[in-house]
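Participant:
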Amino acid sequence: RVQFITFDLPALAHNCNITQFNGYDACPFCKAHGYAIGTQLFYAHSPTPSVKKTDGDYLRLSTTDLPKLGSHGIKGPTPLTNIMLFPYQIAVDYMHLVCSGHFKTLIIYWNQLLLPDVFEQASNFL
831 RVQFITFDLP ALAHNCNITQ FNGYDACPFC KAHGYAIGTQ LFYAHSPTPS VKKTDGDYLR
891 LSTTDLPKLG SHGIKGPTPL TNIMLFPYQI AVDYMHLVCS GHFKTLIIYW NQLLLPDVFE
951 QASNFL
């Protein structure tokens, strides 16, 4: 059995036959549903965690003919469901989720929040 598989975000949606990263039910791991404000899609913060998707959800929802709202972003079957346990064996795409924008934003924020020479001191220490 395959242990893990990773794709960039568009390839993940295509190969796993799920909603793209910019869709209403974009998360491959939970059932959080986005809502539109104008042309932007938002996911509201909730103090309680969203219900997790399970392998059973992927198997059941990929073989039933449900409207988009009832499918939680699962659009249909894929050959990968025969060799993998979705979503447990989908590795998070580090490059797009962390490095593309978010990490840069955090470094800028930390650099402004901390003393100006903290990063230089840490670099010298290492």
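Start counting at 1 in the sequence shown, then tack on 830, and there's your number in my numbering. Using N, Cα and C, we set each Cβ at its ideal position, and we do this for glycine too.
Confirm, please, whether the CB-CB distance from C846 to L889 is below 8 Å.
Facilitator: As a position in the sequence shown, residue 889 is number 59, starting the count at 1. As a position in the sequence shown, residue 846 is number 16, starting the count at 1. Judged by their CB atoms, L889 and C846 are not nearer to each other than the 8 Å cut-off.
Participant: Rounding to the nearest angstrom, what Cα-Cα distance links P946 and K934 in this structure?
Facilitator: What you label residue 946 is simply residue 116 of the sequence shown in a count that begins at 1. What you label residue 934 is simply residue 104 of the sequence shown in a count that begins at 1. Cα to Cα, the separation comes out at about 16 Å.
Participant: Using a Cβ-Cβ cutoff of less than 7 Å, which residues in the same chain neighbour A921 once the five nearest sequence positions on both sides are dropped?
Facilitator: In the sequence shown, counting from the first residue as 1, residue 921 sits at position 91. Once the five neighbours on either side are set aside, the close Cβ partners of A921 are F834, I835 and T836.
Participant: Would you report the Cα separation of A856 and H932, rounded to the nearest angstrom?
Facilitator: In the sequence shown, counting from the first residue as 1, residue 856 sits at position 26. In the sequence shown, counting from the first residue as 1, residue 932 sits at position 102. Roughly 18 Å separates the two Cα atoms.
Participant: Is the separation between the beta-carbon of I848 and that of P858 shorter than 8 Å?
Facilitator: Position 18 of the sequence shown, counting from 1, holds the residue named residue 848. Position 28 of the sequence shown, counting from 1, holds the residue named residue 858. Taking 8 Å as the Cβ cut-off, I848 and P858 qualify as a contacting pair.
Participant: Between which two residues does the beta strand (DSSP E) holding Q870 run?
Facilitator: Against the sequence shown, residue 870 aligns to sequence position 40. For Q870, the uninterrupted beta strand (DSSP E) run begins and ends at Q870 to F872, by DSSP.
Participant: For C860, which of helix, strand or coil comes out of DSSP?
Facilitator: On the sequence shown, residue 860 is found 30 positions in, with the first residue counted as 1. C860 falls in the strand class under three-state DSSP.
Participant: Report back the beta-carbon spacing between K825 and V881 to the nearest angstrom; my notes put them in contact at under 8 Å.
Facilitator: Outside the modelled stretch of the chain, which goes from 831 to 956, sits residue 825, for which no answer is possible.
Participant: Go through its chain and collect everything with a Cβ distance to N925's Cβ below 8 Å, but skip five positions before and after it.
Facilitator: Taking the sequence shown and counting its residues from 1, the one referred to as residue 925 is at position 95. According to the sequence as given, residue 925 is Met; it is not Asn. The beta carbon of M925 lies closer than 8 Å to those of D838 in the same chain, with the five residues before and after it left out.
Participant: Could you tell me which of D923, L871 and P917 sits nearest to S892, measuring between CA atoms?
Facilitator: Against the sequence shown, residue 892 aligns to sequence position 62. Minimum Cα distance to S892 is reached at P917.
Participant: What's the gap between the Cα of I937 and the Cα of L956?
Facilitator: Within the sequence shown, residue 937 is the residue found at index 107, counting from 1. Within the sequence shown, residue 956 is the residue found at index 126, counting from 1. If you take the alpha carbons of I937 and L956, they lie about 18 Å apart.
Participant: Roughly how many angstroms separate the alpha carbons of F872 and A866, rounded to a whole number?
Facilitator: Residue 872 sits at position 42 when you count from the first residue of the sequence shown. Residue 866 sits at position 36 when you count from the first residue of the sequence shown. Using only the alpha carbons, I get a separation of about 6 Å.
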